[in-house]
Amino acid sequence: MVELREQDESTMGLSFAGDVYNSAVYMKRCFPQLSVSMVTAIGRDRLSDKMLNRFKSESLETEFVFRHPSKVPGIYFIETDESGERRFTYWRNDSAARKLVDFLSAEVIEQLTVADTFFFSGIPLAIFEQGAHTKFWQSLERLKAAGVKVVFDPNYRAQLWTSKEEAIRQFDKALRLSDIALPGVEDLTVLYGIQSAQDAVGFCQQYELEEVVVKNGPHSVFTLVGNELLSHTITPVTKVVDTTSAGDAFNGVYLGARLSGRGIGESVQLAAKAAGTVIQHPGAIAPMAAFKQTMSEAGI
Ligand code: ADP
Numbered sequence: 001m002v003e004l005r006e007q008d009e010s011t012m013g014l015s016f017a018g019d020v021y022n023s024a025v026y027m028k029r030c031f032p033q034l035s036v037s038m039v040t041a042i043g044r045d046r047l048s049d050k051m052l053n054r055f056k057s058e059s060l061e062t063e064f065v066f067r068h069p070s071k072v073p074g075i076y077f078i079e080t081d082e083s084g085e086r087r088f089t090y091w092r093n094d095s096a097a098r099k100l101v102d103f104l105s106a107e108v109i110e111q112l113t114v115a116d117t118f119f120f121s122g123i124p125l126a127i128f129e130q131g132a133h134t135k136f137w138q139s140l141e142r143l144k145a146a147g148v149k150v151v152f153d154p155n156y157r158a159q160l161w162t163s164k165e166e167a168i169r170q171f172d173k174a175l176r177l178s179d180i181a182l183p184g185v186e187d188l189t190v191l192y193g194i195q196s197a198q199d200a201v202g203f204c205q206q207y208e209l210e211e212v213v214v215k216n217g218p219h220s221v222f223t224l225v226g227n228e229l230l231s232h233t234i235t236p237v238t239k240v241v242d243t244t245s246a247g248d249a250f251n252g253v254y255l256g257a258r259l260s261g262r263g264i265g266e267s268v269q270l271a272a273k274a275a276g277t278v279i280q281h282p283g284a285i286a287p288m289a290a291f292k293q294t295m296s297e298a299g300i
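Using the UniProt record's numbering, you'd call the opening residue of the sequence shown number 1 and step up by one each time.
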């Protein structure tokens, strides 16, 4: 999406963000040897050109970034009030991304079968048009049958869904098709009444997941791999500036570390370090130099 941020009464800062994009950026910054492709739909307008250039400047592959002939990207505006509280206003009801499934032809899905991993979240599930889900699930089944690992983060955003029941229905399908789940406790609290990381792990156990990673803000991360349940300690950041995209940074770096052959404990610590760095900067995407500096201190 296009991100507009108020700078002063008459000036807006322009940026680009979105949960899966944020994860892709942080994965690629930490693990440049991995090939990371965006799968999305944008428009043919000037802002979409800028967005595509930004993807490229973050070294993301763009062959699966489709250009809709008449739609344009969604936009959100962030305001911060006197007490530092953030407010988001969205214009996304008619965005190009809602049309992504129209571009997922059998040929495109065949091309995607060469990937190791396909990562998606609950946000596309919420914004896809009525009727698009069936084709999306069929595409995912084809990827899975070809050996692509499917990874899902529910990232529940209540205002995007028509009802809780619909979100629960789609998440159930997503979790049934996934190999790895990366939920945050808060997302599951609203939908399923889950209050703790342990309960979140328990909830995930009804699905055939190879790997479950439950994020719980500064409190802890729980992982369940096979029968091994581990609790990982997080060092809380004292100077939190903006928690936007903490979970996204965590997902990108965790998956990048796992794909690069790192173990569970080390991958969680690298992911937590990345997330802890991102929340010390405003906006979803932390400045490249500061981010890389901190991650190099962590051995990346
Ligand atoms: P989401 O952004 O999806 O809601 P969380 O709030 O659980 O996810 O945060 C994701 C990750 O960010 C956590 O697992 C943790 O590693 C890191 N994190 C979040 N808040 C803090 C904090 N105050 N101090 C340090 N790390 C944090």
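For glycine and all other residues, C-beta sits at the position ideal for the given N, C-alpha and C.
Within the same chain, and ignoring the five residues on either side of T244 in sequence, the residues whose Cβ sits closer than 6 angstroms to its Cβ are A284. By the neighbour-count criterion, in which a residue is buried when 16 or more other Cβ atoms sit within 10 angstroms of its Cβ, G256 is buried. V72 is positioned such that its CB atom lies no closer than 8 angstroms to that of L52.
For H133, the enclosing alpha helix (DSSP H) begins and ends at 132-145. K28: not part of any beta strand (DSSP E); member of the alpha helix (DSSP H) spanning 19-30, first to last residue. Taking the Cβ of T294 as the reference point, every heavy atom of the ligand ADP lies at 7 angstroms or farther away. For F88, the number of other beta carbons within 10 angstroms of its own is below 16, and it is reported as exposed. In this structure, A115 sits away from A41, with a CB-CB distance that is not shorter than 8 angstroms. Between R92 and M12, the CB-CB gap reaches or exceeds 8 angstroms. At a Cβ-Cβ threshold of 8 angstroms, W137 and L177 count as neighbours.
For G252, there is no enclosing beta strand (DSSP E); the residue is found in the alpha helix (DSSP H) stretching over 246-259. Within the same chain, Cβ atoms closer than 7 angstroms to the Cβ of E266 are found at A257, the five residues on either side in sequence being excluded. At the C-beta level, M38 and F55 come within 8 angstroms of one another.
Within the stretch 149-187, the runs of alpha helix (DSSP H) that reach at least 4 residues and sit entirely inside it are, in chain order, 164-177. In the three-state reduction of the DSSP assignment, E129 falls in the coil class, being assigned neither a helical nor a strand state. Here the distance from the Cβ of T189 to the nearest heavy atom of the ligand ADP is not below 7 angstroms. DSSP, reduced to helix, strand and coil, places A274 within a helical segment of the structure shown. Three or more Cβ pairs closer than 8 angstroms define a contact, and the stretch 179-196 meets that threshold against the stretch 144-159. At a Cβ-Cβ threshold of 8 angstroms, V201 and V190 do not count as neighbours. Beta bridge pairing from DSSP links I42 with R67. Spanning the alpha carbons of P69 and V237 requires a straight line of approximately 44 angstroms. For T189, the secondary structure class from DSSP, reduced to helix, strand or coil, is helix. For V72, there is no enclosing alpha helix (DSSP H), since its DSSP letter is neither H nor E. Rounded to the nearest whole angstrom, the CA to CA distance from R98 to R44 is 15 angstroms.
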